[in-house]
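Trainee:
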Amino acid sequence: MTTQFFAEASTQLLAEGSNVPPLGILGWIIIGGLAGWIGSKIMSTDAQMGIIANIIVGIIGGFLGGFVLGFIFDVGSGGWIFSFVTCLIGACLLLWILKLVMGNKR
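Residue numbers (this note's numbering): 151 to 256.
1) Whose C-alpha, out of Gly183, Leu176, Ile192 and Phe213, is nearest the C-alpha of lysine 249?
2) Can you say whether isoleucine 231 is buried or exposed, counting buried as having 16 or more other CB atoms within 10 angstroms of its CB?
3) Please classify methionine 199: does DSSP put it in a helix, a strand, or coil?
4) According to DSSP, is phenylalanine 234 helix, strand or coil?
5) With DSSP as the reference, label serine 190 as helix, strand or coil.
6) Would you decide whether isoleucine 175 is buried or exposed? Buried here means 16 or more other CB atoms lie within 10 Å of its CB.
7) Leaving out the 5 sequence neighbours to the left and right, which residues in its chain are closer than 7 Å to cysteine 146 when beta-carbon positions are compared?
8) For serine 194, does the count of other Cβ atoms within 10 angstroms reach 16, so buried, or fall short, so exposed?
9) Is DSSP giving phenylalanine 221 helix, strand or coil here?
10) Which same chain residues end up closer than 6 Å to glycine 240 when comparing Cβ atoms and leaving out the 5 residues on each side of it in sequence?
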């Protein structure tokens, strides 16, 4: 019963989110920058990065998060909130991978 409730609730949320107009390139830069900045705070890399790096990490993280979450959800119809969460998850994942590859250089 609970699983059916969550399935119906998530379907309703995605259906409502798909009515949001497209963001455009400026919207993606803003969402990417915000997601990259919050991701760098979560992953404790904010002191090492600037605003341009945050935007780049957020945008690349959006692609990475969209690719990974695309196997589980319909990421194309989630609206701007789901897009932000996708970018944030992708940014954190990207920063985690970069930490593994480059090590903790302080």
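Positions of the beta carbon are idealized from the N, C-alpha and C atoms, including for glycine.
Mentor: In terms of the structure at hand:
1) Measuring from the Cα of lysine 249, the nearest candidate turns out to be Ile192.
2) So isoleucine 231 counts as exposed.
3) Methionine 199: coil per DSSP, three-state reduction.
4) In the three-state DSSP reduction, phenylalanine 234 falls in the helix class (H, G or I).
5) Note: serine 190 maps to helix in three-state DSSP.
6) With fewer than 16 other Cβ atoms inside 10 Å of its own Cβ, isoleucine 175 counts as exposed.
7) Within the shown structure, residues of the chain are numbered from 151 to 256, placing residue 146 beyond reach of any answer.
8) Around the CB of serine 194, fewer than 16 other CB atoms lie within 10 Å, so the residue is classed as exposed.
9) Coil, per DSSP.
10) Hits under 6 Å: Gly211, Gly212, Leu214 and Gly215.
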